[in-house]
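Asker: Numbering (this note's numbering), first residue to last: 277 to 390. Using N, Cα and C, we set each Cβ at its ideal position, and we do this for glycine too. The structure's right below; bear with me while I get my questions together.
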């Protein structure tokens, strides 16, 4: 069964390009794509058009993609909120630093200002 959509990472891997390059082609509208769940997907027909325009062999490249397994769904984000039961680290130095004493400023003629 031929797959209908491909990720930018899959296309980049087969074509020997970086995923950034594929996304740049998409942003320049040289490669048509749709954004699903935060990542781009490219239809097979649009990829064929892109490859033919660059004189690449679409069937050979896409057959390799068909043999690959579809990518795993994106993982859920971890909850990074601090837990109520977690102990707080001790403060390094709870006392404020003393204010340094300031020297009187010199005026333009070298005299000190009072």
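With the cut-off set at 8 angstroms, would you say residue 283 and residue 315 are in Cβ contact?
Answerer: For this step, residue 283 is matched to residue 7 along the chain shown. For this step, residue 315 is matched to residue 39 along the chain shown. Yes. Within cutoff.
Asker: What whole-angstrom Cβ distance do residue 326 and residue 307 have, given they're in contact under 8 angstroms?
Answerer: Residue numbering aside, residue 326 sits at position 50 when the chain shown is read from its first letter. Residue numbering aside, residue 307 sits at position 31 when the chain shown is read from its first letter. Indeed, because the Cβ distance is near 5 angstroms, the residues count as touching under 8 angstroms.
Asker: Taking 8 angstroms as the threshold (C-beta atoms), are residue 288 and residue 297 in contact?
Answerer: Counting from 1 along the chain shown, the entry for residue 297 is found at position 21. Counting from 1 along the chain shown, the entry for residue 288 is found at position 12. Result yes, Cβ atoms of residue 297 and residue 288 sit closer than 8 angstroms.
Asker: I'd like the span of the beta strand (DSSP E) that includes residue 312, first residue to last.
Answerer: Here residue 312 corresponds to residue number 36 of the chain shown, with the count starting at 1. Start and end: 310 to 312.
Asker: Could you spell out the range, first to last residue, of the beta strand (DSSP E) harbouring residue 319?
Answerer: Residue mapping note: residue 319 aligns to position 43 of the chain shown, counting from 1. It spans 315 to 319 - the beta strand (DSSP E) in which residue 319 sits, taken as one unbroken run.
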